[in-house]
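Chemist: Heads up: the sequence shown begins at 44 in the numbering used here, then just goes up one per residue.
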Amino acid sequence: MNLATHLEIILTACLLDALFGDPVYRLHPVRLMGALSLAGERLLFAVGLDGRLGGLLHWVLVVGGALLVWWGVRLGLAWWHPWLALAWDCFIAYSLLCMRDLLVHGQRVLEALDDLPTARRRLGMLVGRDTDQLQRDGVVRATIESLAENLTDGVLTPLWALCLFGLPGLIVVKAVSTLDSMVGYKNARYARFGWAGARSDDLVHWLPARLSVPLIALAAALLRLDPRLAVQAAWRYHARLPSPNSGWSEAACAGALRVRLVGPARYHGEWVERDWIGDSDWPADLDGGHLRRALRLILVCCVLALVAGLALAPLRPLLPW
44 MNLATHLEII
54 LTACLLDALF
64 GDPVYRLHPV
74 RLMGALSLAG
84 ERLLFAVGLD
94 GRLGGLLHWV
104 LVVGGALLVW
114 WGVRLGLAWW
124 HPWLALAWDC
134 FIAYSLLCMR
144 DLLVHGQRVL
154 EALDDLPTAR
164 RRLGMLVGRD
174 TDQLQRDGVV
184 RATIESLAEN
194 LTDGVLTPLW
204 ALCLFGLPGL
214 IVVKAVSTLD
224 SMVGYKNARY
234 ARFGWAGARS
244 DDLVHWLPAR
254 LSVPLIALAA
264 ALLRLDPRLA
274 VQAAWRYHAR
284 LPSPNSGWSE
294 AACAGALRVR
304 LVGPARYHGE
314 WVERDWIGDS
324 DWPADLDGGH
334 LRRALRLILV
344 CCVLALVAGL
354 ALAPLRPLLP
364 W
């Protein structure tokens, strides 16, 4: 694939995402990957392959299956006309990027802050914690946390994978993220079976999570927030979350906004004590103004991520795959 075609796919996908958001249709690639994951899990458990070997086979089935479907359809369309194959690539890339939806979900919570039950319901679409008892400040904190966490796994990693590795890279990243969400749990059923999905998810997000810190700091500087505190908070507080990756962007956003995030929360009816991210003199009683600034910060980060991705794109035609 030449550079012009590669850039055309990236820009078309990003433009469609900016205009229309994540498309909703029955055969959406993420839905298909989830269905393939579930079917493969049932088959492997039925034949007794419920350990690490089964998990590895499951990983190959889902990731390899996703790549095979994309490539098979692409070959068939290219046989009819090259433009059909290009349109297919653009549509799949568009379907797997979701920058606009992240901001839209956050904006919908912001617009509903004066109607707390509605804000709680809208927040429930973003987070896994219980939201039915959250007060206004808790809703705002949880929304900012979700925006900051999803900046890495929902925006930076997929976008940069597309720019550097093309459609195969983007498909692998989304397949791995789907596997992690389906089987990447530390419980009796998935502790061994889900290891491949969970570890590969940690791996693909490792570098983007750390690169999110200078990106957030630059966005903070452009918005006249606090880039210095973004870097300091990321270094000081990133390890307070159990994930090896999500703490970097959450802590950097906390520093840029000079607010405290995370803290105790309720999950499935049980109160979970969690450390705060941020200095003790930073406010935790947040309001709509904090969320509005967070949305602007994430928006600028998305734009900067695209600029960085386009700078990486010329390397794609030089790669051997």
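C-beta atoms are modelled at their ideal positions from N, C-alpha and C, and glycine is treated no differently.
Treat the numbers as computed from the prediction; the structure is a model and nothing was measured.
Okay, do the segment 278–293 and the segment 312–326 touch, 3+ Cβ pairs below 8 Å being the bar?
Modeler: Result yes; three or more Cβ-Cβ pairs closer than 8 Å.
Chemist: Please report the straight-line C-alpha distance between Pro285 and Asp245, rounded to a whole angstrom.
Modeler: Taking the first residue of the sequence shown as position 1, residue 285 is located at position 242. Taking the first residue of the sequence shown as position 1, residue 245 is located at position 202. Spanning the two alpha carbons is a distance of roughly 12 Å.
Chemist: Determine the burial state of Tyr310: buried for a count of at least 16 other Cβ atoms within 10 Å of its Cβ, exposed for fewer.
Modeler: Along the sequence shown, read from residue 1 onward, the residue named residue 310 stands at position 267. Exposed, because fewer than 16 other Cβ atoms sit within 10 Å of the Cβ of Tyr310.
Chemist: To the nearest angstrom, how far is it from the Cα of Leu340 to the Cα of Leu261?
Modeler: Along the sequence shown, read from residue 1 onward, the residue named residue 340 stands at position 297. Along the sequence shown, read from residue 1 onward, the residue named residue 261 stands at position 218. Computed Cα separation, rounded: 10 Å.
Chemist: Are three or more beta carbon pairs between the segment 75–83 and the segment 216–229 nearer than 8 Å?
Modeler: Short answer: they touch.
Chemist: Considering only the beta carbon of each residue, do Gly13 and Phe236 sit closer than 7 Å?
Modeler: Given that the chain is displayed from residue 44 to residue 364, the structure contains no residue 13 and the question cannot be resolved.
Chemist: Do you know whose CA, among Val346, Leu300 and Val350, lies nearest Asp328's CA?
Modeler: The count along the sequence shown starts at 1 and reaches residue 328 at position 285. The candidate whose alpha carbon is nearest that of Asp328 is Leu300.
Chemist: Please report the distance separating the alpha-carbon of Pro211 from that of Leu202.
Modeler: Here residue 211 refers to the residue found at position 168 when the sequence shown is read from its first residue. Here residue 202 refers to the residue found at position 159 when the sequence shown is read from its first residue. Looking at the two C-alpha atoms, the distance is approximately 12 Å.
Chemist: With a CB to CB cut of under 6 Å and the five nearest residues on each side skipped, what residues in its chain are close to His148?
Modeler: Here residue 148 refers to the residue found at position 105 of the sequence shown. Leu169, listed in sequence order.
Chemist: If you follow the beta strand (DSSP E) that Ala308 is part of, which residue opens it and which one closes it?
Modeler: In the sequence shown, counting from the first residue as 1, residue 308 sits at position 265. Run containing Ala308: Ala308 to Tyr310, per the beta strand (DSSP E) assignment.
Chemist: Taking C-alpha atoms, which residue in Ala351, Lys217, Leu140 and Cys141 lies nearest to Gly108?
Modeler: Indexing the sequence shown from 1 puts residue 108 at position 65. Closest option to Gly108, Cα to Cα, is Lys217.
Chemist: In chain order, what residues of the same chain have a beta carbon less than 8 Å from the beta carbon of Cys133, not counting five sequence neighbours either side?
Modeler: Position 90 of the sequence shown holds residue 133. Taken in chain order, the residues that qualify are Glu51, Ile52, Thr55, Ala56 and Leu59.
Chemist: Specify the secondary structure class of Trp319 as computed by DSSP and reduced to three states.
Modeler: Stepping through the sequence shown from its first residue, residue 319 is reached at position 276. It is a strand residue.
Chemist: Is the segment 330–345 touching the segment 178–188 in the sense that three or more CB pairs, one from each, lie closer than 8 Å?
Modeler: Contact holds: three or more Cβ-Cβ distances are below 8 Å.
Chemist: Check whether the Cβ atoms of Leu120 and Leu127 lie closer than 7 Å to each other.
Modeler: Along the sequence shown, read from residue 1 onward, the residue named residue 120 stands at position 77. Along the sequence shown, read from residue 1 onward, the residue named residue 127 stands at position 84. Yes, the pair counts as a contact, with Cβ atoms nearer than the cut-off.
Chemist: Compute the Euclidean distance between the alpha carbons of Leu153 and Leu258, then round it to the nearest angstrom.
Modeler: Within the sequence shown, numbered from 1, the residue matching residue 153 stands at position 110. Within the sequence shown, numbered from 1, the residue matching residue 258 stands at position 215. Rounded to the nearest angstrom, the two C-alpha atoms are 24 Å apart.
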